[in-house]
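In my numbering, the protein residues as written are 157 to 424.
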């Protein structure tokens, strides 16, 4: 753990322990400067897509495997439906991530251009809008006017302030294409876990009675691991997060298995 994440974690731990000295060390000029220099490390903005793409992948594929197993349709059907689901849903998720990021960035850019035009042509009105925003946050009129005076000295900073404080919009610096690729990769890699034992079974002999239990165990471990990995995004308790994901994935698989068992005779 490096950069701002390390400093923030140190500050959190100091708060939990009530350690004023440790908190002071986490807030020194040197610690803050070093964290700022390392902020936004390579790939950090794609961590959420990686974790949640992986979780979606394993839950959906796990549900397919358990549903087919419940219907007792055999290994070949599990592989056909599992792989088809894996790549089709992975592509769908990746496309959604790409289009969502691209659309949000285009909307932000359009609103930024509008705010820039208003700042240029109606500066007094924009100042009044920003003063009203600060007044609504319980700043005194004098303080609000002083803040606006500072923010409006430089046009680009002024527009960025209007975007954040008036519209509540933050610029997304991530690359839409990389977002999509990361989502697809995480979905396919994690989603392949429930299928691994069946794929290995194509190369070496594995007792058929052992494949589904092995898939269940591997999937449960992966679900717990990915759930625990969510703390990299949410900063919550890893054990609790892992167990929650295991329960959610288990329920989805249980429902799929029950449906498959109920409809196992429908194919004749």
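We put the CB at the ideal spot given by N, CA and C, even for glycine.
Bear in mind that the values here come from a model prediction, so they are computed numbers and not experimental data.
- Message: Which residue marks the beginning of the alpha helix (DSSP H) containing residue 393, and which one marks its end?
- Response: Note, residue 393: premise wrong, no alpha helix (DSSP H); not H, not E.
- Cβ-Cβ separation, residue 213 to residue 387 (assumed contact under 8 Å), whole Å: Wrong, their Cβ atoms sit about 19 Å apart, outside the cutoff.
- Task: Answer yes or no: the CB of residue 416 versus the heavy atoms of the ligand NAD, is any distance below 7 Å?
- Result: The ligand NAD is not part of the structure shown, which contains no ligands of any sort.
- Closest by C-alpha distance to residue 209, when choosing among 310, 342, 371: Of the candidates 310, 342, 371, the one whose C-alpha sits nearest the C-alpha of residue 209 is 342.
- Exposed unless 16 or more other CB atoms sit within 10 angstroms - verdict on residue 193: Confidence at residue 193 is low in this model, with a pLDDT of 47, below 50, so its placement is unreliable and no value can be given for it.
- DSSP three-state assignment for residue 194, whether helix, strand or coil: Note on residue 194: pLDDT 49, under 50, position unreliable in the model; the coordinate value appears next. Residue state, collapsed to three classes: helix.
- Looking at residue 351 and residue 217, is the spacing between their C-beta atoms short of 8 Å? Between residue 217 and residue 351, the gap from beta carbon to beta carbon is short of 8 Å.
- Message: Going by DSSP in three states, residue 239 sits in which element: helix, strand or coil?
- Response: It is helical.
- Message: As a quick exercise: from 358, 347, 254, pick the residue whose alpha carbon is nearest that of residue 231.
- Response: A check of alpha carbon separations from residue 231 across 358, 347, 254 identifies 358 as the nearest.
- Should residue 335 go down as buried or exposed, given a rule of 16 or more other Cβ atoms within 10 Å for buried? By the 10 Å Cβ count, residue 335 comes out buried.
- Message: Using the Cβ count rule (16 or more neighbours within 10 Å means buried), how would you classify residue 263?
- Response: By the neighbour-count rule (16 or more Cβ atoms within 10 Å), residue 263 is not buried but exposed.
- Item | Any alpha helix (DSSP H) of 4 or more consecutive residues that is wholly inside the region 343-381 | Within the region 343-381, the complete alpha helix (DSSP H) runs of at least 4 residues are 349-356.
- Nearest-angstrom Cα distance between residue 306 and residue 279? Each residue's Cα considered, the two are about 14 Å apart.
- Task: To the nearest angstrom, report how far apart residue 353 and residue 361 are at their CA atoms.
- Result: For residue 353 and residue 361, the distance between alpha carbons rounds to 11 Å.
- Message: Please identify the residue among 327, 204, 229, 215 whose C-alpha is closest to the C-alpha of residue 417.
- Response: When C-alpha distances from residue 417 are compared across 327, 204, 229, 215, the shortest belongs to 229.
- Item | Alpha carbon of residue 405 to alpha carbon of residue 339, nearest angstrom | As the crow flies, the alpha-carbon of residue 405 is around 19 Å from that of residue 339.
- Query: Between the C-alpha atoms of residue 261 and residue 251, what's the straight-line distance to the nearest angstrom?
  - Reply: Here the C-alpha atom of residue 261 lies approximately 15 Å from the C-alpha atom of residue 251.
- Range of the contiguous alpha helix (DSSP H) that encloses residue 292: Boundaries of the alpha helix (DSSP H) around residue 292: 279-292.
- Would you kindly work out how many angstroms separate the C-alpha atoms of residue 265 and residue 315, rounded to a whole number? If you draw a straight line from the Cα of residue 265 to the Cα of residue 315, it comes to about 11 Å.
- Contacting residues, own chain, Cβ-Cβ under 6 Å from residue 290 (five flanking each side not counted): Result list for residue 290: 300, 303, in chain order.
- Query: Can residue 348 and residue 237 be called in contact, C-beta distance under 8 Å?
  - Reply: It is not a contact, given that the beta carbons lie outside the stated cut-off.
- Buried versus exposed call for residue 326 [16 or more other C-beta atoms within 10 Å across all chains shown]: So residue 326 counts as exposed.
- Nearest CA to the CA of residue 215: which residue from 414, 419, 420, 409? Checked all of 414, 419, 420, 409; the closest Cα to residue 215 is 409.
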